[in-house]
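Residue numbers (this note's numbering): 7 to 214.
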């Protein structure tokens, strides 16, 4: 079984969040972060940041299942090209999602090969339960497997929220297409779609 060992965070769980969320600092403890890009999502600004996935087969982890790891082999990257989300993504020239892959800090382990894997699994389970509580999974957010890519060079333009009356410029990101990381993401498929953050970067939500 190929285990999921990290979480892709894009909003108030990312370590550089600028919304003053009360849980950001405590969640970041015991984690290390790598900036990554997820090309197959669209970000909305509801009360909190929300991502919806463009995948055709959403593999949400069962709320009644194990709170730990799930099999990477469940992942399916097929895009639903007939969905309203996909059409919206293309009509508004959306640019995927910028965030961080969060995983357990190896320095917390004992460097004992016989016990480190078990210790990592234990710590990651604890962190996943913490994230589930913050994101109100499964009552509010779903949790699914996605594939993200490390960002090589981050270029941002000036404005990133689109409403029914406002248009903005776009953002592009250079990322490593050859390398990828499987991870969890918290998402809502049927969220309020009034405000769209086309850049997919939560930190630029207020720019005009």
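Think of the CB as a built atom: it goes at the ideal place given N, C-alpha and C, for glycine as much as any other residue.
- For residue 93, the enclosing alpha helix (DSSP H) begins and ends at 90 to 97.
- At a Cβ-Cβ threshold of 8 Å, residue 54 and residue 199 do not count as neighbours.
- The C-alpha of residue 204 is placed about 4 Å away from the C-alpha of residue 100.
- Checking the DSSP bridge columns, you'll see residue 85 partnered with 61.
- Excluding residues up to 5 positions away in sequence, 18, 19, 140 lie with their Cβ nearer than 8 Å to the Cβ of residue 29 in the same chain.
- In the structure shown, residue 139 falls within a helical segment according to DSSP collapsed to helix, strand and coil.
- The residue from 122, 57, 121, 194 with its alpha-carbon nearest to that of residue 146 is 194.
- By DSSP's assignment, residue 77 forms a beta bridge with 9.
- Fewer than three beta-carbon pairs drawn from the stretch 81 to 88 and the stretch 111 to 124 are found closer than 8 Å, and the two stretches are therefore not classed as touching.
- In the structure shown, residue 149 adopts extended strand secondary structure according to DSSP, grouped into three states.
- When secondary structure is reduced to three states using DSSP, residue 130 falls in the helix class.
- For residue 54, the three-state secondary structure derived from DSSP is coil.
- If you draw a straight line from the Cα of residue 31 to the Cα of residue 8, it is about 30 Å long.
- Between residue 152 and residue 197, the gap from beta carbon to beta carbon reaches 8 Å or more.
- By the criterion of a C-beta distance shorter than 7 Å, residue 109 is surrounded in its chain by 11, 12, 37, 38, once the five residues flanking it on both sides are discounted.
- For residue 109, the enclosing beta strand (DSSP E) covers residues 103 to 110.
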